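Here is the structure we will look at, set down as structure tokens.
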Amino acid sequence: MSGYIGISSSNIVQTGDNRPVEVLKEENFSRAVEVSVSRLEEPGEPSIDKGKIAEVGFGDLVSPSLGPRVDSPAVKQRPGFGSASLFELLSRYERGGKRLSDHENLGNPSCESSSRQKLSTEEIIRVAAERYIEFPSKDLDCVTTFIHPYGSALSSLSLEETSGADLAHLLLSAAEKIWDGKIDSARRMLAFCQCKASRSGNPIERLTSYFSAALQERISRETGSRRISTISDNARTPNFNGLFTGVDQTAVAIHEYIPFSKVLHFASTQTILEHVENETDIHLIDLHIRSGMQWPPMIQALSERKDYPIKYLKITALDTVDKQIVEDIGKRLESFANPLNISFSFNVVSVDDISNLNKELFDVQSGEAVVIYAPTILRTMLPRPDKMENLMRVIKELNPLIMILHEIEANDNSPSFINRFVETLFFYSTWFDCLEECLDRDNQHRKTLERHYFGRGIINTLATEGEERITRSVKLDVWRSYFVRCQMVEVEVPESSFHQAEVVLKKGFSCARFCTLSSDGKCLMIAWKGTPVFSLSTWKFEQNSDTVESVKKQIANENGVAVADVEELRLAFAGRELEDHRVIGDYPIHNVEAQVGAGFQGLGIIKRTLSFGFLYLVISAGSLAVCNKRLVLYIVVVRQVLIGTGWKFEL
Numbered sequence: 001m002s003g004y005i006g007i008s009s010s011n012i013v014q015t016g017d018n019r020p021v022e023v024l025k026e027e028n029f030s031r032a033v034e035v036s037v038s039r040l041e042e043p044g045e046p047s048i049d050k051g052k053i054a055e056v057g058f059g060d061l062v063s064p065s066l067g068p069r070v071d072s073p074a075v076k077q078r079p080g081f082g083s084a085s086l087f088e089l090l091s092r093y094e095r096g097g098k099r100l101s102d103h104e105n106l107g108n109p110s111c112e113s114s115s116r117q118k119l120s121t122e123e124i125i126r127v128a129a130e131r132y133i134e135f136p137s138k139d140l141d142c143v144t145t146f147i148h149p150y151g152s153a154l155s156s157l158s159l160e161e162t163s164g165a166d167l168a169h170l171l172l173s174a175a176e177k178i179w180d181g182k183i184d185s186a187r188r189m190l191a192f193c194q195c196k197a198s199r200s201g202n203p204i205e206r207l208t209s210y211f212s213a214a215l216q217e218r219i220s221r222e223t224g225s226r227r228i229s230t231i232s233d234n235a236r237t238p239n240f241n242g243l244f245t246g247v248d249q250t251a252v253a254i255h256e257y258i259p260f261s262k263v264l265h266f267a268s269t270q271t272i273l274e275h276v277e278n279e280t281d282i283h284l285i286d287l288h289i290r291s292g293m294q295w296p297p298m299i300q301a302l303s304e305r306k307d308y309p310i311k312y313l314k315i316t317a318l319d320t321v322d323k324q325i326v327e328d329i330g331k332r333l334e335s336f337a338n339p340l341n342i343s344f345s346f347n348v349v350s351v352d353d354i355s356n357l358n359k360e361l362f363d364v365q366s367g368e369a370v371v372i373y374a375p376t377i378l379r380t381m382l383p384r385p386d387k388m389e390n391l392m393r394v395i396k397e398l399n400p401l402i403m404i405l406h407e408i409e410a411n412d413n414s415p416s417f418i419n420r421f422v423e424t425l426f427f428y429s430t431w432f433d434c435l436e437e438c439l440d441r442d443n444q445h446r447k448t449l450e451r452h453y454f455g456r457g458i459i460n461t462l463a464t465e466g467e468e469r470i471t472r473s474v475k476l477d478v479w480r481s482y483f484v485r486c487q488m489v490e491v492e493v494p495e496s497s498f499h500q501a502e503v504v505l506k507k508g509f510s511c512a513r514f515c516t517l518s519s520d521g522k523c524l525m526i527a528w529k530g531t532p533v534f535s536l537s538t539w540k541f542e543q544n545s546d547t548v549e550s551v552k553k554q555i556a557n558e559n560g561v562a563v564a565d566v567e568e569l570r571l572a573f574a575g576r577e578l579e580d581h582r583v584i585g586d587y588p589i590h591n592v593e594a595q596v597g598a599g600f601q602g603l604g605i606i607k608r609t610l611s612f613g614f615l616y617l618v619i620s621a622g623s624l625a626v627c628n629k630r631l632v633l634y635i636v637v638v639r640q641v642l643i644g645t646g647w648k649f650e651l
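If you read the sequence shown in the UniProt record's numbering, its first letter stands for residue 1, the second for the next number, and so on.
Rendered as structure tokens:
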């Protein structure tokens with residue numbers, strides 16, 4: 001049996017065979033808005049060509065009947081906010097959900113104090129979203145500060161938090177104006193945002209600065225005027241979530257000070273060790289090697305293996321950018337492996353286009369146990385279904401023992417600009433909050449990360465369309481639906497991998513109390529302050545010849561529906577006829593728009609008590625037969641707010 005890879009102050013060591021199963025205590029630090037997920041799905045096309053994946057709506061590849069999902073447990077009442085009984089009810093509802101796990105909320109840090117904890121960046125965005133729903137902007141000749149009428153409910157917010165909510169409200173308003181073609185109003189709002197925002201300020205100010213630049217860039221592209229953004233000319237440069245390869249000081253800083261990368265690496269290494277424990281000829285194929293920092297721990301662990309000593313370890317790196325950089329990474333790995341008791345080789349498969357990839361390039365020998373490592377690479381092929389299809393065909397021909405998948409828990413693949421904007425705003429609010437906790441505001445690596453990676457990523461998502469949008473993200477449930485269609489089955493991430501992730505967090509990061517681990521079905525989910533950020537899942541190809549029945553069973557198992565109902569599931573992979581071209585009645589009941597609007601000609605007021613007072617969702621009475629733009633924007637924002645409070649519509 002393979003042991004754990006552990007961490008010491010001097011090096012990476014292997015530590016025995018005991019496998020303690022730790023039942024982690026519930027998260028104990030106080031939060032105003034707990035981010036739980038009751039997935040509200042959106043529609044797509046009813047059918048596609050097998051194996052295709054393309055631009056989709058903000059519902060992505062729809063997999064209905066998912067049920068509630070849990071990111072974190074109970075929420076304690078914060079002084080002056082909301083109702084404790086409400087949060088207790090939400091907590092009990094979450095415990096019955098699909099995401100409950102023994103791995104939730106590492107470390108049980110106690111953050112209670114006599115005074116409330118400051119709001120996270122995402123929570124401030126939610127305050128703005130709630131306020132925006134009730135008080136949308138009008139066509140103003142000048143921009144004024146928004147004053148919230150819930151004075152008593154929001155009196156506990158600090159001046160900085162209130163100012164941040166104002167900026168986020170303005171961003172939402174500006175995005176609506178752009179979407180509605182009111183460019184002059186949008187420009188005035190964005191100019192005000194830029195005056196108040198700062199790329200060296202607090203997270204909301206930094207976030208606002210980059211989003212304002214992206215929206216201004218979109219206006220410039222749409223109107224044909226001079227581009228304003230200083231980073232827009234490099235917007236097509238792959239960002240750090242895309243195809244960044246190589247080693248620089250910023251990459252090292254990300255690895256050392258921000259927990260996600262190292263946690264994913266160690267958990268993946270442990271997962272691989274579990275699956276190759278009886279193999280002697282191991283061939284690891286890395287589809288995006290980046291810096292190569294993920295492999296020394298595994299090389300050392302394999303070199304120290306007593307049972308089934310390995311004959312050799314071969315790492316093959318796929319390169320589509322710069323072969324010399326990848327070869328240099330290979331030389332460093334060879335230098336690390338040479339003093340160890342292991343036969344090691346490193347190869348590079350270099351192609352200028354994934355469409356030209358084929359099995360023979362990998363030189364897989366008979367008897368080799370092939371492992372595929374795919375860290376946030378598949379997302380770069382979402383707008384290019386032909387490349388995705390070819391890559392999956394080659395992977396299937398390689399017949400891997402296991403495939404390790406890392407993906408970002410974001411959803412910015414909608415053809416609708418306004419949907420992308422809302423999703424992206426919430427996603428990056430989590431990242432900017434993470435940087436605030438992990439790095440000083442004047443840290444040069446933080447500035448580089450925000451400017452050259454996040455800034456470009458935001459512009460790529462918001463200012464570009466079609467094939468110009470080179471990187472996109474969809475959530476884990478989308479990938480699950482896709483892999484099922486590729487005749488793959490999900491394999492449970494081992495208990496030891498969770499343990500490794502926990503050890504890395506506890507020993508390696510001062511911000512560990514904000515980072516939580518949970519299981520979503522068979523995968524490992526990494527969250528920041530309750531919001532999922534990355535997933536780690538493992539897959540293998542179905543060996544059964546009766547693939548049709550096995551696919552049905554897999555869909556049924558994942559989504560909790562009877563096999564007989566599988567025929568009716570709509571797993572849509574294309575985005576040719578999505579929300580921008582539909583009326584509300586076209587949407588299935590799982591969709592928020594449909595649940596609010598389908599079958600109703602007039603609606604009253606939906607009232608819900610939230611953490612910051614009363615949220616009134618006012619849908620104008622009258623015919624809702626046509627999807628009004630402002631209504632859709634409200635619904636998108638409502639969806640985000642309700643996701644954050646654990647709500648799920650059921651009619």
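Here a beta-carbon is modelled for each residue, glycine too, at the ideal position from N, C-alpha and C.
All values reported here derive from a predicted model rather than from experimental measurement.
Pick helix, strand or coil for residue i, following the three-state DSSP scheme.
i: Asn-347; result: strand
i: Phe-135; result: coil
i: Lys-314; result: strand
i: Trp-479; result: helix
i: Met-293; result: coil
i: Ala-410; result: coil
i: Ile-254; result: helix
i: Ile-470; result: coil
i: Val-127; result: helix
i: Ser-355; result: helix
i: Pro-385; result: helix
i: Ser-429; result: helix
i: Leu-171; result: helix
i: Arg-199; result: coil
i: Arg-441; result: coil
i: Ser-303; result: helix
i: Ser-163; result: helix
i: Leu-190; result: helix
i: Ser-185; result: helix
Within a Cβ cutoff of 7 Å, which residues of the same chain sit near residue i, ignoring the five residues on either side of it in sequence?
i: Gln-640; result: Ala-129, Val-422 and Phe-426
i: Phe-346; result: Ile-315, Gly-330, Leu-333 and Glu-334
i: Asn-358; result: Val-394
i: Ile-377; result: Leu-287 and His-288
i: Trp-431; result: Phe-454
i: Val-491; result: Ile-402, Lys-522, Thr-538, Trp-539 and Lys-540
Locate the beta strand (DSSP E) running through residue i, then write down its first and last residues.
i: His-445; result: Run containing His-445: none in the beta strand (DSSP E); it sits in the alpha helix (DSSP H), 444-448.
i: His-283; result: 281-286
i: Pro-375; result: 369-375
Short of 6 Å in beta carbon distance, which residues of its chain neighbour residue i, apart from the five on each side in sequence? Order them along the chain.
i: Phe-483; result: Trp-539
i: Ala-410; result: Phe-427 and Ser-473
i: Glu-205; result: Ala-197 and Ser-198
i: Leu-633; result: Glu-176 and Ile-418
i: Cys-511; result: Glu-437 and Cys-438
i: Leu-476; result: Ser-535
i: Glu-279; result: Ala-369
i: Arg-576; result: Confidence in Arg-576 is poor, its pLDDT being 32 and thus under 50, which makes the residue's placement too unreliable to answer from.
i: Glu-161; result: Leu-119 and Ile-124
Using a Cβ-Cβ cutoff of less than 8 Å, which residues in the same chain neighbour residue i once the five nearest sequence positions on both sides are dropped?
i: Met-488; result: Met-403, Trp-539, Lys-540, Phe-541 and Glu-542
i: Ile-254; result: Phe-240, Ser-261, His-445 and Leu-449
Can you check DSSP and say which residues form a bridge with residue i?
i: Ala-527; result: Thr-516 and Pro-532
i: Leu-401; result: Paired residues: none, contrary to the question.
i: Glu-490; result: Trp-539
i: Asp-319; result: Ser-350
i: Tyr-308; result: Answer is none; Tyr-308 lacks a bridge partner.
Which residues mark the beginning and the end of the alpha helix (DSSP H) in which residue i is found?
i: Ala-501; result: 495-508
i: Pro-203; result: 203-223
i: Asn-338; result: Run containing Asn-338: none; DSSP gives neither H nor E here.
i: Cys-511; result: Where Cys-511 is concerned, there is no enclosing alpha helix (DSSP H), given that its DSSP letter is neither H nor E.
i: Asn-460; result: 455-462
i: Pro-259; result: 259-275
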